[in-house]
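For reference, the structure is listed below as structure tokens.
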Amino acid sequence: IPEDLLEEMEEEMRAAIDSAAERVRMLQGEKEALEEKVQSMEKELELSSKKIQRSNQKFQESESNLQSSRSEIIRLKKCNTHLTSELEYTTRIMSRMDAECERLTHNHAEL
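All residue numbers for the sequence shown refer to my numbering, where the first residue is -19 and numbers rise by one.
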């Protein structure tokens, strides 16, 4: 094989190797950038997951408070019903006592 042809082939090989090495460096840079992006996204995902857990916990606490409030409302309604009944009973007794006082006053006046 002629010397000049060998030199030309060698130069082409070196150029191809240099080009491939440049492509490898470029791909390595892209890989590193993607790895950093993945790490960043994983951190964001972890933070989002923690926020969701806190939100879920607050929601469960709110649901529990709501249930407690409903139970308290039911209890207060029962108390209110009982007190209304007691008030009606007391009002009837007072009416009878007023009527009795009127009758006694009238009887006393006749005496």
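No residue lacks a Cβ here, since even glycine has one placed at the ideal position from N, Cα and C.
Point to revise | N-terminal and C-terminal residue of the alpha helix (DSSP H) that N27 is part of | key: One point to set straight first is that residue 27 is Leu, not Asn, in the sequence displayed. Where L27 is concerned, the enclosing alpha helix (DSSP H) stretches over E(-17) to E90.
Check your understanding: Rounded to a whole number of angstroms, what is the C-alpha to C-alpha distance between L25 and M6?
Key -> 28 Å
**Study point:** Cα-Cα separation between C59 and S75, rounded to whole angstroms
**Key:** 24 Å
Point to revise | Span separating the alpha-carbon of V18 from that of E12 | key: 10 Å
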